[in-house]
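**Q** Residue numbers for the sequence shown follow this note's numbering, so the first one is 9 and each next one is one higher. Would you mind keeping the following structure in view while I ask a few things?
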Amino acid sequence: MAGRSLETLRRAALFISPEQAILNIRFATLTPLHGLDFLRFDRRSGTIYYRQWPDIQKERLLQAQVVFPPRSSGADPLAPRSRYQEPKQAVVHEVKKDEGRVETGILIFQHIIDNILKKETLQAESLGESVSGLRNFWGGRSPLKIGEDEYKKVERLACESMEAVDLDPETVINKKKRDMTGWIFKGVSRRDSTGDFNPLIERLALGAAARVAVLRLHELQYPMLTKYREGLEALEFEREMSGFIFSRTVLKLETPDQVFVPHLGSMITQLGFIHLKGYKPVANATVPLLEEARRLIEAGQRAEAYRRKLFPKVKVLLVDEMEEGQRIINGKYT
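Structure (structure tokens):
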């Protein structure tokens, strides 16, 4: 990679840091949850993984060890095979907190939607409104009749608009955000490519900043917001389905004398439908107990199944997991 130019690297678009290489390779072998390519799970353990494509600083490009060449020119800038205009880093996250339970995944996605994307949207909206205010600041007056003090006031307003939404032009990485701040500063500086003061530059540059703000809002609202909402809905569905299966099993086991071989077979089958932690490991632990109960009842040894307390053991496992999941979902992601 050392011999490749920066522009070639930028067109290659997708990068994996050395520490992420193994995770990305593993991610490709996992099962997409509800067909979502960026949200996957391990069928055996129920572990949840999701992949993001954050912007990457240009100075880190040459440190990338693995490159994913784009295979299509899809319009979705977050799709894993899009032809990005700017480099993105492939980052795979494993849900680990609270033993990687699906409730933790739900809280993570809610946090992304309610906080991160909300903040980004507020930045774009606020800057767009600020740009409109700056463009209308002169009220149609001729640039020749505007004094230096008034131009300095506009510069202060531009800086204040960025500070108000916690946007630091010196550290921003995202291309559209860089473009927004760049056009704003070019506009208020009123300098053209020769370095001369040119009042026309202000009008043109602020107009460009306004257009970029609209594009950034569109990017945030679709597909970013849509992507995470789909992921959240998939996780919530899995939790609801798992909870329903657990609750139904517990309810049936409340009357053990009415539990027969077909009922146990149905329970075992339904527990096999559960995909994600923490329900998946518990389901895996209860199936052998139910299979043993089925074997004993088939052999006419129901009393032995009772003596071994197989049904109460199953109930305790299922109820404890449902209560733990509820405790987590009632909290907040930190």
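Glycine is no exception: its CB is placed at the ideal position from the N, C-alpha and C atoms. These figures come from a predicted structure and were not determined experimentally.
Using only the alpha-carbon positions, how far apart do Tyr159 and Asn206 sit?
**A** 12 Å
**Q** Can you give the Cα-Cα distance for Ala313 and Ala36, rounded to whole angstroms?
**A** 43 Å
**Q** For Thr189, which of Glu163, Ala217, Leu165 and Glu137 has the nearest alpha-carbon?
**A** Ala217
**Q** Excluding five sequence neighbours on each side, which residues of the same chain lie with their C-beta closer than 8 Å to the C-beta of Val295?
**A** Ile276, Leu279 and Gly280
**Q** Do you know how far the Cα of Ile192 is from the Cα of Gly8?
**A** The shown model of the chain, from 9 to 342, leaves out residue 8, and the question about it has no answer.
**Q** As a quick exercise: from Gly333, Arg310, Asn292 and Glu331, pick the residue whose alpha carbon is nearest that of Ser53.
**A** In terms of CA proximity to Ser53, Asn292 leads the group Gly333, Arg310, Asn292 and Glu331.
**Q** According to DSSP, simplified to helix, strand and coil, what is Asp63?
**A** strand
**Q** For Thr263, which residues of its own chain have a beta-carbon under 8 Å away from its beta-carbon, when the five flanking residues on both sides are left out?
**A** none
**Q** With distance defined between alpha-carbon atoms, name the residue in Ser134, Gly141, Phe245 and Arg256 nearest to Ala172.
**A** Ser134
**Q** Which runs of the alpha helix (DSSP H) fall wholly inside the stretch 275 to 334 and span at least 4 residues, in chain order?
**A** 287 to 306 and 310 to 315
**Q** Can you list, in chain order, the residues of its chain with a C-beta nearer than 7 Å to that of Glu300? Leave out the 5 residues immediately preceding and following it.
**A** Leu318
**Q** Count the other CB atoms, across all protein chains shown, that sit within 10 Å of the CB of Ile33; report buried if there are 16 or more and exposed otherwise.
**A** exposed
**Q** Does DSSP classify Thr257 as helix, strand or coil?
**A** Three-state result, Thr257: helix.
**Q** Ends of the beta strand (DSSP E) at Thr39?
**A** Start and end: Thr39 to Leu41.
**Q** By the DSSP assignment, the alpha helix (DSSP H) with Glu107 in it spans what residues?
**A** Lys105 to Gly108
**Q** Excluding the 5 residues flanking Ile121 on each side, which residues of the same chain have their C-beta closer than 8 Å to its C-beta?
**A** Leu233, Tyr236, Arg237 and Leu240
**Q** Checking 8 Å against the spacing of the C-beta atoms, do Leu399 and Gly113 come in under that value?
**A** The displayed coordinates of the chain run from 9 to 342. Any statement about residue 399 would go beyond what the structure contains.
**Q** Using a Cβ-Cβ cutoff of less than 8 Å, which residues in the same chain neighbour Gly339 once the five nearest sequence positions on both sides are dropped?
**A** Leu115
**Q** Which word fits Ile124, buried or exposed, when buried means at least 16 other C-beta atoms lie within 10 angstroms of its C-beta?
**A** Burial state of Ile124 is exposed, judged by a 10 Å Cβ sphere holding fewer than 16 other Cβ atoms.
**Q** Strictly by DSSP, which residues pair up with Tyr58?
**A** Leu47 and His101
**Q** Pick from Ser201, Glu210 and Phe49: whose alpha carbon is nearest that of Ala166?
**A** Glu210
**Q** By a C-beta neighbour count over all protein chains shown, 10 Å radius and 16 as the cutoff for buried, is Tyr230 buried or exposed?
**A** exposed
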